[in-house]
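Okay, so here's the structure we're looking at.
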Amino acid sequence: MKNLENQTKQAHSRGRSGLASFGLLLPGGGMLALLVAAPLILLIVASFCANDSFSGGFTLANYQQVFADGVFTSLMGKSVLMGLAVTLGCVLLAYPVAYGLAKLVSERARGSLIVLIIIPFFTSQLLLIYSMIVLLQGQGPLMSLLALFGADPSASILYTDAAVFLILLYEFLPYMVLCLYSAIAKIDDNQLRAAQTLGAGRVKRFTSVIFPKSLPGLLSGILLVFVPVTGSFVEPDLAGGSSGMMVGSLINSNFAAAYNLGRGAALSVLFLVILTAITLVINGLLRWAGRGRQRL
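What follows is the structure, given as C-alpha cells:
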C-alpha cells in the first residue's frame with residue numbers, strides 16, 4: 001500500500017516537474033515559432049504565389065523561371081566557392097591564433113588579445129567594409145606599402161573577387177578564432193604532454209589530439225562563417241563591381257529592386273535547401289574525420 005502511495009506521489013511530482021519545464025520552455029519556444037518558423041513558412045508559401053500577393057493562387061512558375069535563365073545556378077556556384085574559400089582561409093588563420101591564445105600566452109595577455117579580436121563586433125558592418133575599401137584602393141595604404149617593393153601604387157584590386165574575399169575574410173575571421181579558442185582551451189594540457197612524451201611531433205599532436213578535441217568548435221565556426229558568407233550581398237555590391245554579384249545580390253535585387261515577391265522567395269527557398277545540404281555534408285565529413293583520428 002505504501003509502495004502504491006509512493007509511486008502515486010512520484011507520478012504527481014514528475015507531472016508537476018514536466019508542467020514546470022513546459023512553462024519555462026514556452027516563452028523561448030513561442031519566440032522561436034514567431035520569429036523563425038512563421039517567417040520560414042510564409043517564405044515557402046510566397047515562393048508558390050502566382051503574383052506579388054497571397055491571393056493570386058499557387059504555381060510552380062517561380063521555380064521554373066529560376067532554372068530557366070541559369071543565372072541562379074551560376075551565381076549559386078560562385079557563392080558556394082566563395083563561402084568555401086573564406087571558410088578555409090579562416091580555418092587556416094584561426095587555428096594558430098586560437099591555439100596561441102589558449103595554450104601559449106599568459107592570462108593577462110590573453111584577456112587583452114581577446115578584447116582586440118572582438119573590437120570589430122562593436123563596429124558597424126558598413127564601416128568595416130568601407131575601411132577595407134580605403135585600405136585596398138589605389139594610392140591607399142596597402143598599395144603605397146607595396147610600391148616600396150616595385151608595385152604600381154595607382155593599381156588596385158578593388159571591384160574584383162579578390163577584394164570581396166579579403167573583406168569577407170577580415171569580417172568573419174574573429175568568429176572562427178573565438179569558436180576554436182573556446183574548444184582548444186578545454187583540451188587538457190596533460191593529453192598534449194602525454195602525446196609529446198610518446199614521441200608525437202607537432203603535426204601528430206595536432207591531428208591526434210587538437211583536431212578531434214576542437215571539432216565542436218570547428219563545426220560551430222563553419223556554421224557561423226560559411227552560411228553568412230555564401231549569402232552575403234553587401235560586400236559584393238560595394239567591393240565586387242559589376243562582376244562581383246553573388247546569389248545574395250540576386251535575391252536582394254528581386255525583393256528590393258524588382259519587387260518580385262514570388263521569384264525572390266523561390267530563390268531564397270532554393271538557397272536555404274542547397275546551403276543546408278552542403279553544411280550537413282561538411283559537418284558529416286568533419287565528424288567522420290574526427291572519429292577516424294581518435295581511433296588512430
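So that you can map any letter, position 27 of the sequence shown is 27 in UniProt numbering, and since no number is skipped, the others follow by simple counting.
Note that CB positions come from ideal geometry on N, CA and C, so glycine has one too.
Please read these numbers as outputs of a predicted model, since none were measured by experiment.
Exercise. Identify the continuous alpha helix (DSSP H) that holds K204 and give its terminal residues.
Key: 202 to 205
- prompt: Are L135 and L142 touching if we call contact CB-CB under 8 Å?
  reply: yes
### Query
Under the rule that 16 or more other beta-carbon atoms within 10 Å means buried, what is T276, buried or exposed?
exposed
- Query: Closer than 8 Å, CB to CB, is R287 near chain B or not?
  - Reply: Among the protein chains of the structure shown there is no chain B, as only one such chain exists.
Quick one: grab the DSSP three-state call for F58. strand
Do the CB positions of L251 and F226 come within less than 8 Å of each other? Checking the sequence, you will find Ile at residue 251 rather than Leu. Contact: no.
task = Pick out the complete beta strand (DSSP E) segments inside the stretch 171 to 245, 3 residues or longer, and give them in chain order.
result = none
- Whose C-alpha, out of S214, L127, N254, G77, is nearest the C-alpha of L178? S214
What does the Cβ neighbour count give for Y259, buried or exposed, with the cut at 16 atoms within 10 Å? exposed
Taking all protein chains shown into account, decide if R202 is buried (16 or more other Cβ within 10 angstroms of its Cβ) or exposed. exposed
Original post:
How many angstroms separate the CA atom of A162 from the CA atom of D152?
Top reply: 17 Å
Checklist entry - Any contact of the stretch 177 to 195 with the stretch 102 to 110, i.e. 3+ C-beta pairs under 8 Å? => result yes
* Mind listing, in chain order, the continuous beta strand (DSSP E) runs of no fewer than 3 residues lying wholly within the stretch 96 to 157? => none
How long is the line joining the alpha carbons of R110 and Y99, rounded to whole angstroms? 11 Å
message = Do V91 and M176 have their beta-carbon atoms positioned less than 8 Å apart in this structure?
response = yes
For R205, the nearest candidate out of I184, L224, G217 (CA to CA)
I184
Is L219 near G89, with beta carbons less than 8 Å apart? no
Restricting to Cα atoms, I'd like to know which of G30, G262, M82 is closest to T160. M82
#### Entry: Close beta carbons around F121, own chain, < 8 Å, minus the five adjacent residues each side
P174
- Could you check if A257 is buried or exposed, using at least 16 other CB atoms within 10 Å of its CB as the buried criterion? exposed
At the level of alpha carbons, what is the spacing between V209 and L286? 15 Å
Quiz item: Apart from the five residues on each side of it in sequence, which residues of its chain come closer than 8 Å, Cβ to Cβ, to A85?
Solution: F165
Practice task
Would you list the one or two residues that DSSP bridges to C49?
Solution key: F58
Is the beta carbon of L127 closer than 8 Å to that of A239?
no
query = So, helix, strand or coil for A258, using DSSP?
reply = coil
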